[in-house]
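Right, one structure below, let's go through it.
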Amino acid sequence: MSGFTPRITRRAFTIGSLLAAGTAGLPIMVKAQEGKTVALLFDSLVSPFWVTGIEIMREEAAKRGWETLEAISNFDDNRQFEQVRAMIEREVDGILIIQTDANAVIPAIREANAAGIPMVHFNRPPAESDAYSVAIQADNRAIMRETVQFLVDEAKRIGGTYKAAILIGDLGDVNAIQRRDGFFDIVDQNKDIIEVVSRISTEWNADKAFAGLTNALQANPDINFLVTSSDFLHPQIEQALKIAGKWNKRGEEGHVLFAGFDGDEGAYQRLLDGFLDACGVQNLFLEVDMAFGAFTDLWAGEKPEKLLLDPGFVITQDNLEETRDAMWGFSVWKNQQG
Amino acid sequence: MQVGENRTTLLLLNAAPWVAFLAVVVVFGVLSDRFLTIQNFMNILTQSSHIAIMAIGITFVLLTAGIDLSVGAIMYVAVAVLALFLGGIPVVIAFPLVGLIGVALGAMNGYFVIKLRGQHPFIVTLATLFILRGAAIFLTDTRMVFVEESVMSLGRTSYFGVPWAIWVFAVVFVIAWIVLRETPFGRQIYAVGQDPTAAAKAGINVPRILFSVYCICGFLAAVGGLVSIAQVAAASSTFGFQIEFPVIAAAVLGGTSLFGGRGGVVGTVFGAVLIQTVQSGLVMTNATPYIYPLVTAVIIFLAVLIDGLRTSILDTLGRRKIRVEEIA
Amino acid sequence: MPIDAAETPVDTKVEIPKVRAFRRLLERLILSEYLVFYITGVYFLIVWPIVPEIASFSSLRNILTDMLPLLVVAIGQTFVLIVAGIDLSVTGVIAMASVVGASIMTSDGGYLQGSALAIPVGIIAFLVVGGLIGGFNGWCVTRLNMPPIIVTLTGMMFLGGAAIWFTKAHSPTSSIAGLPRAFVAIGGGTFAGVPIALFVAIAVVVVAHFLLSQTVFGRWLYAIGINPKAAKVSGVPVDKAILWAFVISGVCAAITSMLLTGRLETGTPVLGQRILLDIIAAVVIGGTSLAGGKGKIIWTVGGVLFLVTIDASLKLLGSSLFIVFAVKGGVILLAVGLDAMRQRILARGSG
Amino acid sequence: MTPPHAGGEAFLQARELSKSFFGVKVLKEVGFTLDKGEVLGLVGENGSGKSTAMNILGGIHQPDSGQMTLAGKPYRPTGPKDAQRAGLAFIHQELNLFENLSIEENVFISGFPKRRGLPLINRRKIGKETKRLLDLVDLGHPPGTRVGKLSQGERQLVEIAKALGFDAKVIIFDEPTTSLSRRESEKLFTIVGRLKAQGIGVIYISHILGDVLRVCDSVQVLRDGAVAGGGPRASMSIDKIISMMVGRKIGNLFPPRESHPGEVVLDVAGLTQPGVVKDVSLSLRSGEVLGVSGLMGAGRSELARILFGLDPFKSGTITVEREPLENPSPEICMARGLAFLTEDRRAEGLLMEASIRDNVALSSLNSYARGLSHRLSWPKLDRDVAEVSDKVKVNTSDYIRMLVKHLSGGNQQKVVFAKWLLRQPSIFILDEPTRGIDVGAKLEVYKIINQLVLDGAAILFISSEMEELIGMCDRIMVMNRGEVTGFHERGDFDGERILETAMSVGLREPEQADRKER
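Protein chains in written order, with my numbering: chain A, 1054 to 1391; chain B, 57 to 384; chain C, 45 to 395; chain D, 39 to 556.
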């Protein structure tokens, strides 16, 4: 842990300052070059998933000779709507959006449709409507099912009964709901050995996750089966488990069966150290590729499906070596190691 | 006769927070058998410590009839700087530096409050709140920032079975208590809050006092940030967002008046613990998380209502007293 | 003045009138009622060469439509500020009205799903929510003698939470969609090429301007803001007028909620949660005083125009969030500073 | 004009002090002297210049001309702190204490002694020192008692202790006993005697002449900003002082008026509000001026506020033009034809930041509103405002843009009159209508009042200036401690007797004082 934290901080800062400097100069650069311009509209960069996502997008865009324009809405739907209109105003060639609310994004899609600018939703699909856009999404439920299944198998292998807790994301986020459902699909089949004693609502907020887990551990000190709906909550989980004296490696006395989701660099580190048993990975490289591919298709006049699924995969203690190269967190981790 | 009635009401209003606290403890104690344990009490104290520390800071400001809305933003800036720039530096050096940042940001508030006198500190600190949030977002680019293991380990450390956070909280509390009660500065804060004109007549340097309380508030906001980050390990872009509400609520709940001159840190600490007790109780009884802000809002509302009633009764009592004797 | 004369060398004598004239011009500019319009104009001219798009028809149109929701809620705020109050609960009203109104009209299990009454009742629900909350604020301020800041602050917290709760009870997702087309048109539709929202906003501006400048009620509000005691002695129904100022603020927030809800075609409990600063800033920048007794609707229009112009330019420049935050905070400080400067100049002038 | 100790080298000397505010001369070459261990009484009506003289002494104002010496050295304080350093303590009627702090903290608030090497207050030292000072003034409370818990009299003693704390050589008391019970006053007199014995000079300002004669060694009377007379106690009597205060020129200033009282328009019976007014009954006729005399705190302004519906009352009835006035509020009272000129023009009478028009129109807006929307008819309003303002002679033509705060006190008062005249009320309650305005403006106010009476209005005229009451009123009602203590008819006016009724506290021992104090 202590090995890489300072590095990530410094790196984050460098990128941050470069980004800040870069965005100021961007409009002028855009003018100077021909080629496609794509707007990247994020609602925040709170978790490593989004940070790495935007970095991969930038690299990928550069590879294809595209320019990017970026904007962050800070969870404000109306602001994001205005940002979409501003991007239409700037006559970008495509808009990649990560909206906060699945319903509230519909008018923005309509505006883009009216302007004839393709829109692609990254990782979060919009609500159903007559407006046309393409969404890229991980098959959350399936991935989560597979991940929890591994954990259940482990539990069976070790034996005994288990008290389970799950950290649930924002209930307004389809992804969070699908992951929760995937979790219950499996544990409900195994009620004989697993009892869910705590559902912690995090609203994708680290402070709430920490407080919630601490209180859960307080109320149920015998929790020994833990799943988080996102890897960005690992630091808080680690801290809470350490305080409760339950942060132990696989095979050690008092190890909590623990699974994550996303597949970030922290997850890889914890897999490597033996604290994390399994992790459902969203294939970020694939998703970016699919998103940009969708733009190319749309420009070519094709009409891809409204929803394109990333099948993802599960990385576990058993397949760590073979599958890690496909895990985006591993490549981030590798870069950090130097 | 009416005077007597008012006195009784006043007594009741004064006791209201304590009665409320008792009621809360009893209700949750009945609803959850884990609620009334030493471990849980320790837990409540730990979780309320950063709010309590910041509330102590804001108590200084409220005593001068001011307000500081920017505490949450200061907290975020302080932690962001710690995470991004002070990574490799030992805690004994890094923490004082972070405290210094808090003082500097508080000084900025103080400067504007003094310079723009006649404008309510509310609007001034509302502006700095946004400027500082902007600064923090600039530093973090809305990403989550992480702190060193050495900082996080503090969040798990206990001395004599008492967590580090509670120690910090206790030290801040004791020093603040002594400063407010036993130093000339502390007593002058009360004088300024009661009547700034009279205070100036008595030779007190009113702008200096105002400036100082905002510095203290900024400093303790930074300390609160440190205590909080040592527990939660990482700060997202919502770190400290709207934390000014529970912080001000804690102080007001503890009997510190928004109109200055009345209150103190003992009540503030009590208020902070009460708020956390309610939250903790709601968690223990598995209440839906969406009810938390509602409960907090209602508590603050009632606290201010009680404060308003108390103030107006005190006024009537005071006025009546003068009148009665004038006539007698 | 005598000190100036003594210290200035004789040969620069010619300079003094020029400097003075410049200073007088500057002072007159600062004292001008319409300062914010001049500043907006200057700002626009500065930004124009950098982002020429800003002067395009569709960009100007965007500026216009973006400012409408903000304008309506800021007008309500102007009424409250004139009586030396403040209403922070407006963001809560926007959120609450949005989900309550949507819950009635939505085609996914709304109370009046499919009924012909859905839209009128929905619209009334928006206004009632705003009016009731405003009325409650006013009641607390006038009857319970609570400070407006805290009353409306707790209102904002409570409503923010309550709106989420309400949504959970009425929708499986975090928002309520499926709003009738005719309603959605209020926020996003056009009539004869002109956004319907513009008609709504103009109606609000006209009524508000009329109320403040032409009616007894308007005079009462200013009198209360300047000196509530003298107003009371002069027979002004102080409590009633303050109560109505808060009701107006609540209703205006509800109208804003309608515009935004229509625009996003969604009733969402996080609607408007981050525009509180914009609202206060717009009104204060326009020249309305937080101390009460001073304010005009046209000033607020100027303040909103200024803020939205800045916002639009920052968006076109692709500025990051931090710049947007910092600029807005800075603008508020600037407005407060200008107001302080005005007071000083006026004090000097009269002394 | 001649100070009692002319020529001698007194400890404190003031010679020919003059001071003007906004062109009005409020102090005209006033002088006095004070020896060590002497108590000098200073009396005069409101506006006679007492406070100005003392404010100059206390460094709050600087004189336009004149000299002062203290202990033989020139004394010209630039501020209150300066005066304090020179050894002069000023105990204002409104005490400068912090209720939320303890006695000892109040005594030392300007400079706490600290514990050696620590920034902490040396509690033991301030406690001991405060105890010593409190003993000097016979106050038994522990030094740590919160001032908020003390009675008004006890607070005054704390102020005295504070003054003793910095070795004051001269202490000025401004109306020290108005808010004290009899017993507390007695105690104060003992303390003053003790100060005297310590060689401290005391200047004692009071309306209560009995007290003055009791504690003072010499008395000086001011009238209209000038010295009207004075001398050692032995040579003075209450009658003499009152005649000096009232002067001999009543009538000159007051335009003559015939009086033809008509119907009773305002009838008050048994009006009581505990602690404020008790059993007040009066009747007021149209075409009549009923004066209300009394000391500060006698309940006059409070009565006016109750009559106008601003404050509540517990029992009694108010009848306006034979109809009972129920649940009065300013709006209801105005509808019934009442108008109220408040005592404090700035705080309650005017919108200082608004124009003359806005002020004048404020109470009559509804009569200029049209239609459902209550839209104002500006042209008519402006015309009427101009007319009524011209009638009372507000000295400006720009009623629409001129802000009231830029007007002189007299003009401001005329604006208030204009505001009410626009409503054409039939009953006027005037609370100190000439306070703080110059003689010329006063005359104009009197003319306005006379015109109103001729037009059939009824006027309740509250004033602290005896001359004015005698000159203007048909009858004078005297209030004392919230009760009506007498009525005097016009033919029967005698300033000295009226003052006696009003000041009975100082002359007779009231039986109920101590009972009420509990």
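All residues carry an ideal CB built from backbone N, CA and C; glycine is no exception.
In this text the structure is predicted, and so the values were computed from the model without any measurement.
For the putative contact between residue i and residue j, defined by C-beta atoms under 8 Å, what is the C-beta separation to the nearest angstrom?
i	j	result
Val-201 (chain B)	Ala-139 (chain B)	4 Å
Val-1334 (chain A)	Ile-1368 (chain A)	5 Å
Gly-199 (chain C)	Gly-120 (chain C)	The Cβ separation is near 14 Å, so there is no contact.
Val-1099 (chain A)	Phe-1348 (chain A)	Not quite, the Cβ-Cβ distance comes to about 25 Å (not below 8 Å), so this is no contact.
Should residue i be labelled buried (16 or more other beta-carbon atoms within 10 Å of its own) or exposed?
i	result
Gln-100 (chain D)	exposed
Val-380 (chain B)	Because Val-380 (chain B) sits at a pLDDT of 37, beneath the cut-off of 50, its placement in the model cannot be relied upon, and the following sentence gives the value as read from the coordinates. By the 10 Å Cβ count, Val-380 (chain B) comes out buried.
Gly-117 (chain D)	exposed
Glu-1375 (chain A)	exposed
Glu-1144 (chain A)	exposed
Phe-315 (chain B)	exposed
Tyr-437 (chain D)	buried
Ile-149 (chain B)	exposed
Arg-64 (chain C)	exposed
Asn-1176 (chain A)	buried
Glu-361 (chain D)	exposed
Val-75 (chain B)	exposed
Trp-92 (chain C)	exposed
Lys-372 (chain C)	buried
Val-54 (chain C)	Because the pLDDT at Val-54 (chain C) is just 41, under 50, the model does not fix this residue reliably, and the point stays unresolved.
Tyr-266 (chain C)	buried
Assuming residue i is part of the beta strand (DSSP E), what are its boundary residues?
i	result
His-1174 (chain A)	1172-1175
Leu-1362 (chain A)	1360-1363
Met-515 (chain D)	513-518
Glu-425 (chain D)	First-last for Glu-425 (chain D): 416-429, but that is the alpha helix (DSSP H), not the beta strand (DSSP E).
Gln-122 (chain D)	Where Gln-122 (chain D) is concerned, there is no enclosing beta strand (DSSP E), although the alpha helix (DSSP H) it sits in stretches over 118-123.
Gly-317 (chain D)	Checking the sequence, you will find Asp at residue 317 (chain D) rather than Gly. Counting along the chain, the beta strand (DSSP E) containing Asp-317 (chain D) begins and ends at 315-323.
Lys-63 (chain D)	62-72
Ser-292 (chain B)	Taken as a continuous stretch (DSSP letters only), Ser-292 (chain B) belongs to no beta strand (DSSP E), as it is neither H nor E.
Gln-258 (chain D)	256-261
Which residues mark the beginning and the end of the alpha helix (DSSP H) in which residue i is found?
i	result
Met-282 (chain D)	276-284
Met-200 (chain C)	192-214
Cβ-based contacts, 7 Å cut-off: residues of the region 104-137 of chain D near chain G: The structure shown contains no chain G; its protein chains are A, B, C and D.
Select from the region 431-453 of chain D all residues with a C-beta closer than 8 Å to any C-beta belonging to chain C, and list them in chain order. Going along the region 431-453 of chain D in chain order, one finds Lys-443, His-444 with a Cβ nearer than 8 Å to chain C.
Using a Cβ-Cβ cut-off of less than 8 Å, give me the residues of the region 106-137 of chain C that come near chain A, in sequence order. The residues in question are Asn-106, Asp-110, Pro-113.
Can you list, in chain order, the residues of the region 206-225 of chain B whose Cβ is nearer than 9 Å to any Cβ on chain A? Of all residues in the region 206-225 of chain B, Ser-206, Met-208, Ser-209, Gly-211, Arg-212, Pro-219 have a Cβ within less than 9 Å of some Cβ in chain A.
Output needed in chain order: residues of the region 128-156 of chain B with a Cβ under 8 Å from some Cβ in chain C. Of all residues in the region 128-156 of chain B, none places a beta-carbon less than 8 Å from a beta-carbon of chain C.
Please identify, using Cβ separations under 7 Å, the residues of the region 330-344 of chain C that lie next to chain B, in order along the chain. Along the region 330-344 of chain C, the positions whose C-beta sits under 7 Å from a C-beta of chain B are Leu-334, read in chain order.
Using a Cβ-Cβ cut-off of less than 7 Å, give me the residues of the region 356-371 of chain B that come near chain C, in sequence order. From the region 356-371 of chain B, only Ile-356, Phe-357, Val-360, Leu-361, Gly-364, Ser-368 have a Cβ closer than 7 Å to chain C.
Could you please tell me which residues of the region 147-180 of chain D, in chain order, have their CB closer than 8 Å to any CB of chain B? Listed by position along the chain: Ile-147, Ser-148, Gly-149, Phe-150, Lys-152, Pro-157, Leu-158, Ile-159, Arg-161.
Segments assigned beta strand (DSSP E), at least 3 residues, entirely inside the region 370-401 of chain D: Qualifying beta strand (DSSP E) stretches, in chain order: 376-379.
Closer than 9 Å, Cβ to any Cβ of chain A: which residues of the region 232-255 of chain C, in chain order? Within the region 232-255 of chain C, contact with chain A at the beta-carbon level (separation under 9 Å) is assigned to Gly-232.
If we require 3 or more residues per run, which beta strand (DSSP E) segments fall completely within the region 1134-1172 of chain A? Counting whole runs of 3 or more residues, the region 1134-1172 of chain A contains the beta strand (DSSP E) stretches 1147-1150.
What residues from the region 165-187 of chain B come within 9 Å of chain C, judged by C-beta to C-beta, listed N to C? Flagged, chain order: Phe-168, Lys-171, Leu-172, Arg-173, Gly-174, Gln-175, His-176, Phe-178, Ile-179, Val-180, Leu-182, Ala-183, Thr-184, Leu-185, Phe-186, Ile-187.
Which runs of the alpha helix (DSSP H) spanning at least 4 residues fall entirely within the region 67-120 of chain B, listed in chain order? Complete alpha helix (DSSP H) runs here, min 4: 94-119.
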